[in-house]
Structures are given as structure tokens and as C-alpha cells.
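Protein chains in written order, with my numbering: chain A, 454 to 745; chain B, 454 to 745; chain C, 454 to 745. Ideal Cβ positions, reconstructed from N, Cα and C, are used throughout, including at glycine.
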Amino acid sequence: GSAEMGIFGTDSADTQFHTDVDVTFSMSGETDGGLSFGASVDLDEAAGLGFEEGNAGFAVFISGGFGTITMGDTDGAMDWALTEAGNVGNPGSLRDDETSHAGYWGSYHDGAAGVYDNQVLRYDNTFGDFGVALSFEQVQTGGESDIDMAWALGVKYDVELAGLDLALGLGYQSVNIANTDGDDDSTIVGMSATTTFDNGLSAGLTYVSGDIFGVSDSSHFGLGFGYATGAVSLHANYGKYDLDGFEVEGFGLAAAYDLGGGASVNFGYGSSDGDAFAESFDTYSLGLVMSF
Amino acid sequence: GSAEMGIFGTDSADTQFHTDVDVTFSMSGETDGGLSFGASVDLDEAAGLGFEEGNAGFAVFISGGFGTITMGDTDGAMDWALTEAGNVGNPGSLRDDETSHAGYWGSYHDGAAGVYDNQVLRYDNTFGDFGVALSFEQVQTGGESDIDMAWALGVKYDVELAGLDLALGLGYQSVNIANTDGDDDSTIVGMSATTTFDNGLSAGLTYVSGDIFGVSDSSHFGLGFGYATGAVSLHANYGKYDLDGFEVEGFGLAAAYDLGGGASVNFGYGSSDGDAFAESFDTYSLGLVMSF
Amino acid sequence: GSAEMGIFGTDSADTQFHTDVDVTFSMSGETDGGLSFGASVDLDEAAGLGFEEGNAGFAVFISGGFGTITMGDTDGAMDWALTEAGNVGNPGSLRDDETSHAGYWGSYHDGAAGVYDNQVLRYDNTFGDFGVALSFEQVQTGGESDIDMAWALGVKYDVELAGLDLALGLGYQSVNIANTDGDDDSTIVGMSATTTFDNGLSAGLTYVSGDIFGVSDSSHFGLGFGYATGAVSLHANYGKYDLDGFEVEGFGLAAAYDLGGGASVNFGYGSSDGDAFAESFDTYSLGLVMSF
């Protein structure tokens, strides 16, 4: 489980108290044939568990020599393959300010436009340094739908290049939502590259191109850094959308001091700017994060 | 706990993904005088636990030499005594299709007509091969109600007859809702008989007669079969209402293959037909069921 | 965890069934520097855990030589310091009738007038027989508020006086809500004194004076008694508000018989009267209380 206590605010609101708590129940088993299976659910998802036809906040898996099949609240294959800039050495914060700014993109077209239901079926497997995943997602409907399943493909590859240990990710995702060029489907392709240096620094970038949010000729770029030394962890990321000329950007900062025993003091900051806003705005949070 | 992943559909809707998970918390104790007591509650009932005046999805019991008193989400005495056709060797399915068809009757007049609140108080006791139960149920009200408590009586008896080990159940239930004959109360009587053969086959039937759903001169008939061999379990049931001439019927099928370790592949199918429908309709589900 | 089964009623409503169950998850840890930290959350609070900006039913703490800081669903400093009349030797009841009557005051101005959000930040520390606490509470807002933080101060002192071991509490609370004298703030001061005699009897009184519910020149008085012998516990309390002449009063009774092993039979009764009511009214509950 976990718990948090602290404060948060924005540049246009009072500083307020923040408290959070969660308890995680993990269950697993193994078939006679050696397949492992399981599920994990959080206490705060209890109220939605009756919702079996969509994403109710948990995932179920079965795994064996054939790979792993996961269904529910899980990453689509593109999200599975790419490492977001905000996941590079990020110690986290109470309110995820550093990954909630307007320039941050975390889950690509999973649950696209609220049309798809974010209940993902993903197959993935790993062969040495190479990993591959395929995923499907449906429209939430009680009847017959004219909208095809969304699907995504992801590939991971660990490679040494110019003396760097690179983790590469490549993804493709197609959703059956018309793009601004008039096509029936919106498609995106993206890649990520991350590396960790000996001195505790880590760095990563992502680049995605295509019909982002249905806007053709769009791109998103993200850059992230992490640094850990002793009890201190620092993280920064920057991201920018170019939606056929309409630009939105932001950056995030996170810092943590580890108190040991599962407790740490965490700070998060996010700043958003761009064509979507009259002026830039900021959010922050600061407090104690506990894991049990 | 348990978890499920799979697909489901009907003959008029697309096949859809299904995921489910649950965690059960069971608590028990014993008084100095040797009475055992306890309660069990599921994670997915968390949101309703503030509802103390009706059925909130859990039951509390105390048990001793005097018998057992149970209050809450528990069977009325008639439901306690009778074994439904769908409970004969049924391995279950992801969406209970085999016991959700229009011909299936599972809980008699417990919670009748939405007038009673399904928060049942039941006393039961067992004497050798003989068991007896008495139950009461109230109208949900914050004030004074003109509607009397519902009550039910149930008897169980295990007997060897014509070389068969028969489990017999007999029940009577009275609810203070007018029937179509103009009486103040609607009453039903019913019986069930089930038996298991040496070859893994089990069979059972139920018959209920009276003011079903308030319609006088009505009856319901159910028939169920189960068969288990090795890792395979099969089940079929058929049921039919005759509500003073208005007939509704349906059948259900369930099949499971046990993978061991608590996992199985389960299939369920239900088909409904009768005077209530322009045409018959079907539902099905297929997938992995995990118990932990 | 805990569970309850029983009946309850009022003098103007039918006797009804009552069932309740709860599961408590307690988590704790210790930092490398020796600070202890933790949180506790009940199953029935699961649905509200997404609400991080107010009182979601749980509290988080960190504790060390400096004292204890608690945030969330916890007593304000005045409530922390004073022992309510209803907490004097009270074994409790299924529906808290004995502390729900109109003359009972349990939490002072915590969450005052629905303006403050009951998400309390409290610091407390103990030095021998002496304890002190300071607390703050905010208005629930997404933006900037004109209403200042509420705050409270509490002091506890254990002293032997005239042969009695007295536990004394003193509290002060200020909320930024206008009183009927036209001041911007409503303030209250209060004290409590409790003692336990050798024969199993305990007694306590509280007195609070000031702008109760914003009504200047008001007071509240409470008196409570407890008695425990063998398996039997008895409790009675009386309380009265004098809101600048407008009087409301009530009394409560509770009795329990301990069955051992965590089970007991509990009875509660509350009676309310005064200028707010056309006539007095009563509530009661009776049943089995189980703790696991």
C-alpha cells in the first residue's frame, strides 16, 4: 500500500492540504501446466469493479512460454514499447505535476477520444534483447458498432551504440477515427531511446508523428533527464505538441529525498504554455510519500 | 479472491472484452461460550457498506448448538432448502449466461417485486439428514409501513429411494403483496430433488406452484444436469414459467476445463424464448476464470 | 475488522433489521532516522479515496521525538484535548444512539457549518502528564478563498486533586465565520474533566462557551457516567445546548454484555428534546457487535 500527506497549489489557487492512501491486493497462481496467472487491484478501485465491459482500473494476465496475455487497465502495445520522457529517472510526486503539464503525452491513443474504452487486450513476448507486443482495444457499446477495433504494435530493442547502452522502443497505433486529411483511420508512429550513464544520470527522448488526436501532419517530441545520488533523486522533462501548426508545450520537475523505510519527501512541478492558453500556468505539490 | 478475462456477446451485439476481479475478506471468531460468529465481505461491495438498513451485499452470522442465525445478503428459507436446476454440477461461467436466461428462477420471492429489501434474517438448523430453516424479510422504510414482513419456511431431507441418494428440498414463502385472485398475500410452495450417480452425472429438478410474481395459478419448472470427468465439467438446465397461461422459457449450458492451480477455461450460454419476447435471444461468454 | 447484526427503531418508525461490516487496513513503517509513519483506511471508505483535497475518511501520520503530525480525518486540537461525556466508559452501540441525540456534541467546530472541509492538519506532543496540540483546517476550494484557515489549540493535563486522578482537557477553536455579535470569527473555549473510581465507575463533564454554531453568548454542557463490572458495561450521558436562550437537550444510554472472543450484545438509546422540536423523540438499537 501507499499513503501521502502534503500540500499542493497552482499559480491561481490557494495552497491546499493533500492526503491520499491506497491498498493493493495482488493475487497470483500457477496452472498444472506451468502457466502463471494473476491480477492486481487497488482499494480505491473497489467501487467500479462491477464494470466488467470496460476499463475498471485493474488488469488480469496469464503468462507462459508463449508470452503474456494481459487484459484490462494495461498499456497498449505502443505505450508498452516506448519509454516516455517522464519515466526517465522520475521519483514521482504527490500530484504527478511533472507529468500532468500540457506538453506531456503518456498513453498515446489508448482510450482515444473517449471513443475507445481503455480496456486493452495485449499480447507481448521477449526474446533476449528483443521484445514485441500487439494490442487491441474496443469501442464501449452494448450493441453493434460501426467503429473497428483499434490496434497497436510495439517493438523493444536493447542495443550498444557508440559506447552507450540504448533501450530503443518503436510503436505504431491505428484507431478508427477520421483524421483531418479525411482518412477513416488516424495512425501514429513513434520511437523512444533511453540510456543510463555510470554517474547516475539517465536521459531519454520520444518522438511521435502522424494523426495525433486526429490532426494530420502532427508531431510530439519529449525529452527527459534523471539524476540519482545517495538519497536524492532529480528529474526534469520537456514536451511539445505540434498539431499541424498549433503548438502546446510544457515542462515538469520532480525531486525526492529518501528517508528510508519506504518514506520520502517529494516535490513536483509542472508548467504549461502554448497556443491553447492565454497565459502559462503552473502547478506544484510537496509532501511525504509513504510506501508499505 | 478471483479474476476473469474473456469475451462475451449476444446475437444482437458485438463480441466484447470482459474483465473482472474480486477480493473476499472473511472474518470469524468464537465467544467464550463456544458460539462461532463471523462475516464475509467482497471488495466490490465496499461502496455500499454504509447502507445498514438493507441488503448491502454481505451477511453476518452467529452459530451454536441452537442452530445458525444469519442476517443480510443471504438466502431466504425457501431458497436455502431448494437446489435450483442451475446449481446441479454447474462449473459457472464469466457472465452467468447459463443461469441468466428468462426461464431461470434462482431466488424465488426473496426481495419480491423490489418491495422487500433482500436483507434477510434466517434461522436454520440441521438434525442428521434433516434440516429446517425459517426466514423473515422487511420492507425498506424509514417510517411505518402497512406491508407485513415476508416469511418463508424450508425443509431439507436426504433419503435413499429406489437405490438413489436423493436430496429433497421443500419450501413455502409468503409475501404481503396482493395476488391476481385478490388476496392480500402472494404465496408459493416448491420442491426440489437432486441426485448424483456414480458415473459423475448429477441431475435435479424443481417445481414451484402458487402466486408467482403475484400471478395466481402459476407454476415454474426447472431441470438441470451436470457431468464431470477428469478436467472437464458440463452442465445444462432448462426452465419454464407458466404464469396463468403466459409462458416464458429458456435453457442454459456451461462447460469448463480445469487447468489446475485454480484456473479454468469456462464457457456459458443462455437462450430465452416465450410470450414475453418477439423472438428468442442468446447470450454467451468464454474465457479464463481464476480463483486464488 | 468488525461486524454487526441487530435491530433498530424510533418512536415513529417500525423496528428494522440492521447489518454492518467493516475491514480495516493499517499500514506503518519507520524511516532510517527512526521516525514512524503510517495510515489506516477502512473498506467502506474505498469509494471516496480519489478525493485527495478534503476529508476522505482516513488519516496519515508521521511521528518522532518532535511530536506527531497527522493529516486527514482526525480530531482538531480542541476535540483531541477534550473527552466528551459520551466517551466516558461507553461500550458503544450498533447505531450510536447514545451519542446521536440532539444534546450531544462530539466534534466542536471541526468541519464547521460545512464551510470547512474536515481535512485536519494537527500537531501534537506529550511531555509526561502534559499534552499539547495545534490544528488547522481549510475551506474546500479549487481557487482562492476569502475565508481564513480555522485553527484550534488543545491542552491535556493529568493531575491528582482531592484524592481523584483527574484527566483535564482545555481547548480553544476559532473559525472564520461571522458570529451573531457581528465579529468576523466565531470562537469557542471549552474544558473537560474525567476520572475513574476504584469500583469501576467513571465520570466526566464538559463545558464549552462562546459562539457555538456562530451564535454568540452560547454554551454547551455535557455529563457522562460509565460503569463496568465483569462482562457488563453501562453508560449514560446527558447534554444541553443553550444557544443564547434557545435550548436543546438530550440523553443517551448504552449497555453491553461481553460474550468473549470479540463478540458482545449491545444496546443503545438516545432521547432528544428542546426548543427545536415539537415533541421529544427517541431512537434505539440492539444487537450483536463483533470485532475481529
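* Residue closest to Asp670 of chain A, alpha-carbon to alpha-carbon, out of A:Val718, A:Glu597, A:Ala689, A:Thr633 -> A:Thr633
* Asked: Is there at least one Cβ from chain C nearer than 8 Å to Ala466 of chain A's Cβ?
  -> yes
* Asked: Who does Glu700 of chain C pair with in a DSSP beta bridge?
  -> C:Asp695
* Asked: How many angstroms separate the CA atom of Asn629 of chain B from the CA atom of Ala689 of chain C?
  -> 40 Å
* Tell me the start and end of each unbroken alpha helix (DSSP H) in the stretch 546-606 of chain A that is at least 4 residues and wholly inside, in chain order. => none
* To do: Kindly indicate if chain B contains any beta-carbon less than 8 Å away from that of Asp485 of chain A.
  => yes
* To do: Kindly provide the ranges of any beta strand (DSSP E) runs that are 3 or more residues long and lie completely inside the stretch 458-486 of chain A, ordered along the chain.
  => 466-475, 477-483
* Assuming Val742 of chain C contacts Val494 of chain B (C-beta within less than 8 Å), just tell me the rounded distance between them. => Wrong, their Cβ atoms sit about 16 Å apart, outside the cutoff.
* Mind listing the chain C neighbours of Leu614 of chain B? Cutoff is C-beta to C-beta under 9 Å, in chain order. => Chain C residues near Leu614 of chain B: none, gap ~38 Å exceeds 9 Å.
* Asked: How would you call Asp582 of chain C, buried or exposed, if buried means at least 16 neighbouring beta carbons within 10 angstroms?
  -> exposed
* Asked: If Ser655 of chain B and Thr647 of chain B are in contact, beta carbons under 8 Å, what's the gap, nearest whole angstrom?
  -> 7 Å
* To do: Would you verify that the beta carbon of Met524 of chain A is, or is not, closer than 8 Å to some beta carbon of chain C?
  => no
* To do: Note down the Cα distance separating Gln572 of chain A from Ser465 of chain B, rounded to an integer number of angstroms.
  => 21 Å
* To do: List the whole-angstrom C-beta distance separating Thr659 of chain B from Glu537 of chain B, where the pair is believed to meet the contact cut-off of C-beta under 8 Å.
  => 6 Å
* To do: Using three-state DSSP, classify Gly454 of chain A as helix, strand or coil.
  => coil
* **Min CB distance Thr472 of chain A to chain C below 8 Å** => yes
* To do: Classify Val541 of chain B as buried or exposed, calling it buried when 16 or more other Cβ atoms lie within 10 Å of its own Cβ.
  => buried
* To do: List the DSSP bridge partners of Gly510 of chain A.
  => Answer is none; Gly510 of chain A lacks a bridge partner.
* Counting Cβ pairs, one atom from each stretch, are 3 or more of them under 8 Å apart for the stretch 559-577 of chain B and the stretch 517-532 of chain B? -> yes
* **Same chain, Cβ closer than 6 Å to Ser479 of chain B, five either side skipped, listed in chain order** => Ser493
* Asked: Does the distance from the C-beta atom of Ala729 of chain B to that of Ala605 of chain B stay below 8 Å?
  -> no
* **Neighbour list for Gln626 of chain B in chain C, Cβ cutoff strictly below 8 Å** => Within chain C, no residue comes near Gln626 of chain B; the closest Cβ sits about 18 Å away, beyond 8 Å.
* Own chain residues within Cβ distance below 7 Å of Gly520 of chain A, not counting five before or after -> Tyr576, Asp577, Asn578
* Limits of the beta strand (DSSP E) - the one that Asp670 of chain B falls within -> 668-682
* Using a Cβ-Cβ cut-off of 6 Å (strictly less than) and excluding sequence neighbours within five positions of Ala603 of chain B, which residues of its own chain qualify? -> Tyr569, Glu590, Val628
* For Thr477 of chain C, decide whether its Cβ has a neighbour in chain A, counting only Cβ atoms nearer than 8 Å. => no
* Which stretch, first to last residue, makes up the alpha helix (DSSP H) that contains Asp638 of chain C? -> Looking at the DSSP string, Asp638 of chain C is not in any alpha helix (DSSP H), and its letter there is neither H nor E.
* Asked: Does DSSP classify Ala615 of chain B as helix, strand or coil?
  -> coil
* Checking contacts by CB at 8 Å: is Glu702 of chain A closer than that to chain C? -> no
* Asked: Do the CB positions of Ser744 of chain C and Gly721 of chain C come within less than 8 Å of each other?
  -> no
* To do: Quick one: list the residues of chain A neighbouring Met531 of chain B, beta-carbon separation under 9 Å, in chain order.
  => Those do not exist, as Met531 of chain B stays about 27 Å from chain A at its closest Cβ, beyond 9 Å.
* **Residues of the stretch 730-745 of chain C with Cβ closer than 7 Å to any Cβ of chain B, in chain order** => Leu741, Met743, Phe745
* Near Asp549 of chain C, which residues of its chain fall below 7 Å by C-beta distance, leaving aside the five closest residues on each side in sequence? -> Gly721
* **CB contact flag (Ser733 of chain B, Phe704 of chain B, <8 Å)** => no
* How far does the beta strand (DSSP E) with Ala716 of chain C in it reach, from first residue to last? -> 716-727
* To do: Under 8 Å by Cβ, that's how I've got Gly454 of chain C and Thr477 of chain C pegged, so tell me the actual separation to the nearest angstrom.
  => 6 Å
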